[in-house]
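S.K.:
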Amino acid sequence: MKKIVVKNGLLRFILSSIIAFIILTLFCVFYYNVPPQNKPLDGTTDYKWKSNTFYSRATEGFALGKTNNDGYVNDYDFNDKTDIDVLIVGSSQMEALEVNMNETTSSLLNKKLKNQNVYNIGISGHYFLNCVSNLESAIKKYNPKKYLIIETSSLTFDDESLIKTINNELEEIPFKANGILGILQQNQFIRLAYKQLRSFIDKKSINDEEDILNINNSSNYNAELLNKLFIKIRNISSKTNIIILYHPSTTIADNGKLILSSESENVEEFKKLCNQNGIDFLDMSDRFKQEYENNYLLPYGFSNTTIGTGHLNKYGHQMIADELFKIIERGK
């Protein structure tokens, strides 16, 4: 009799666990649904998302959308006959899974630039040097006719990474879709649980499992190496206007004052180096200050996250699209 009770209890536990797993998986379809990774064969990025796949996020902002046939976040598909006028490369800030597709920088800029195609291959984890490392392949495939926009949230890099990027030796971002990880990432609940577990182990908050800030204490401002890097960028994209888009991080002081990234001291020198190499430099610092002081708007943060931190919200994307449009219009 005791064995029967134990057996029935075990069966109930297994059944309830299965039901709970199914419910949590269905919940995560809308709460945390990130597409599986795919490995590009063309080298434009180190990885991208599965094509034509629905995604939704409620862990940072509330958004949903669908990747295009190319595995990136764009509101139109890409094929060999698609003429790209403006190409955007960057990190998760340009990928913008945290806002709806019509609120992203690329979508807003696309609407402003009538009769011109803006195409976005921003992908999580692809910071400035990663983008430069893949730039030749991206230019070869998409062949932007007018502008190349490279996004960055930092102006300082460690010398070793700069040298590797200049010499085409920068390591690729680890691909996580092979083996058991590839199988597990198909289930969004398991994926979210893994992200939370890793966040607990690392004892820090992680906004996105594919996009941990690559902070290196050895980062510094090396004008000589940066100049070599800009020469490399200019040579790769010799027939295209180039804009380096810099958006500093923000924090709110106890007195309510907006504080921008401490890297602001390097802005003028960075801009000077860009100009010497025929590259436009867009610094969003003034626009961020203006919007906060006049309209109490911050470029980062959502109602379900810490104010002024994390990924760009719809206001941040709008600010950036406005300023990019001004540069492109002036360049006509």
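Under the numbering used here, residue 1586 is the last one in the sequence shown; the count climbs by one each step, no gaps.
Positions of the beta carbon are idealized from the N, C-alpha and C atoms, including for glycine.
(1) Can you have a look at Asn1461 and say buried or exposed, based on whether 16 or more other CB atoms are within 10 angstroms of its CB?
(2) Determine the DSSP secondary structure at Phe1254, reduced to helix, strand or coil.
(3) Which whole-angstrom value is the C-beta distance of Phe1411 and Tyr1373, which I expect to be below 8 Å?
(4) For a quick check, are the C-beta atoms of Ile1420 and Lys1482 less than 8 Å apart?
(5) Please go through the same chain and pick out, in chain order, the residues whose beta-carbon is closer than 7 Å to the beta-carbon of Lys1568, but skip the five residues on each side of it.
(6) Fully enclosed by the stretch 1484 to 1550, which alpha helix (DSSP H) runs are 4 residues long or longer?
(7) How many angstroms separate the CA atom of Tyr1475 from the CA atom of Gly1562?
(8) Exposed or buried, Ser1515, counting other C-beta atoms within 10 Å across all chains shown (16 or more means buried)?
(9) Please report the straight-line C-alpha distance between Asn1369 and Leu1351, rounded to a whole angstrom.
(10) Can you tell which of Asp1300, Tyr1396 and Glu1478 has the C-alpha that lies nearest to the C-alpha of Phe1429?
(11) So, at 7 Å on beta carbons, what are the nonlocal neighbours of Pro1395 in its own chain, with the 5 sequence-adjacent residues on each side left out?
(12) Can you say whether Thr1336 is buried or exposed, counting buried as having 16 or more other CB atoms within 10 angstroms of its CB?
(13) Helix, strand or coil for Lys1302? Go by DSSP, reduced to three states.
(14) What residue from Leu1416, Gln1572 and Pro1289 has the CA that sits closest to His1501's CA?
(15) Roughly how many angstroms separate the alpha carbons of Ile1469 and Leu1269, rounded to a whole number?
(16) For Asn1306, which residues from the same chain have a beta carbon less than 8 Å from its beta carbon, with the 5 sequence-adjacent residues on both sides left out?
(17) Would you be able to state if there are at least three C-beta pairs under 8 Å between the stretch 1480 to 1494 and the stretch 1536 to 1551?
(18) Taking the alpha carbon of Ile1627 as the point to measure from, which residue in Ala1477, Tyr1554, Thr1560 and Ile1404 has its own alpha carbon closest?
(19) Give a yes or no on whether the C-beta atoms belonging to Leu1479 and Leu1424 are separated by under 8 Å.
(20) Within the same chain, show all residues whose beta-carbon is closer than 6 Å to that of His1304, passing over the 5 residues directly before and after it, in chain order.
(21) Since Gln1442 contacts Cys1282 with CB under 8 Å, what's their CB separation in whole angstroms?
(22) Tell me, please, which residues DSSP counts as bridged to Ala1317.
(23) Figure out for me which residue from Ile1277, Ile1487, Ile1377 and Glu1314 has the closest Cα to the Cα of Asn1328.
(24) From which residue to which residue does the alpha helix (DSSP H) around Tyr1569 run?
(25) Kindly examine the ligand HEM and report whether one of its heavy atoms sits closer than 7 Å to the Cβ of Pro1290.
M.R.: Here's the rundown:
(1) Any answer about Asn1461 is weak, because its pLDDT of 46 lies below 50 and its placement is not dependable; what the coordinates show is given next. Its Cβ being crowded by 16 or more others within 10 Å, Asn1461 is buried.
(2) What is shown of the chain runs 1255 to 1586, which leaves residue 1254 out entirely.
(3) In fact, because the Cβ distance is near 26 Å, the residues do not count as touching under 8 Å.
(4) yes
(5) Val1353 and Glu1357
(6) 1521 to 1530 and 1539 to 1549
(7) 25 Å
(8) buried
(9) 25 Å
(10) Asp1300
(11) Correcting the residue type first, residue 1395 is Lys in the shown sequence and not Pro. Contacts found: Asp1296 and Thr1298.
(12) exposed
(13) strand
(14) Gln1572
(15) With a pLDDT of only 43 at Ile1469, under 50, the local geometry of the prediction cannot be trusted, and no value is derived from it.
(16) Lys1320, Thr1321, Asn1322 and Asn1323
(17) no
(18) The requested residue 1627 does not occur in the structure, where the chain is confined to residues 1255 to 1586.
(19) no
(20) For the record, residue 1304 in the displayed sequence is Lys; it is not His. These residues qualify, in order along the chain: Pro1289, Pro1290 and Asn1292.
(21) 4 Å
(22) Arg1311
(23) Ile1377
(24) Lys1568 to Arg1584
(25) With respect to small molecules bound, the structure shown includes none, and the ligand HEM cannot be examined in it.
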